[in-house]
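J.:
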Amino acid sequence: MELYEAIDNRRTVRDFEDKIIDMNIIKRILSAGLKAPTNDHLRSWEFVIVNDKKERSRVLNLEDMTNP
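According to the UniProt record's numbering, the stretch in the sequence shown is residues 1 to 68, in order.
This is the structure:
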């Protein structure tokens, strides 16, 4: 896919399927994201991959407590 075609066809997705994504695909997406520009080249990225539903819910609740 050409760059401008990808930009023209981009869309926001808010409804997701309940299926596990292959870890190689996740790593490829994160690798692409790491190449995105950042302010002053800080690149202070942190990623957490959580596949377990109960653990994901627990992590989301922790995030809510840090942003009152």
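For each residue, glycine too, the CB sits at the ideal point set by N, CA and C.
Quick check on residue 51: does DSSP put it in helix, strand or coil?
T.: Taking the sequence shown and counting its residues from 1, the one referred to as residue 51 is at position 51. Residue 51: coil per DSSP, three-state reduction.
J.: Excluding the 5 residues flanking residue 51 on each side, which residues of the same chain have their C-beta closer than 7 angstroms to its C-beta?
T.: Against the sequence shown, residue 51 aligns to sequence position 51. The residues are 20.
J.: Compare the beta carbon distance of residue 49 and residue 26 with 8 angstroms and say whether it is the shorter of the two.
T.: Taking the sequence shown and counting its residues from 1, the one referred to as residue 49 is at position 49. Taking the sequence shown and counting its residues from 1, the one referred to as residue 26 is at position 26. Result yes, Cβ atoms of residue 49 and residue 26 sit closer than 8 angstroms.
J.: Between residue 47 and the rest of its own chain, which residues show a CB-CB distance below 7 angstroms, the 5 nearest in sequence each way excluded?
T.: Mapped onto the sequence shown, residue 47 falls at position 47. Only 30 meet the Cβ criterion.
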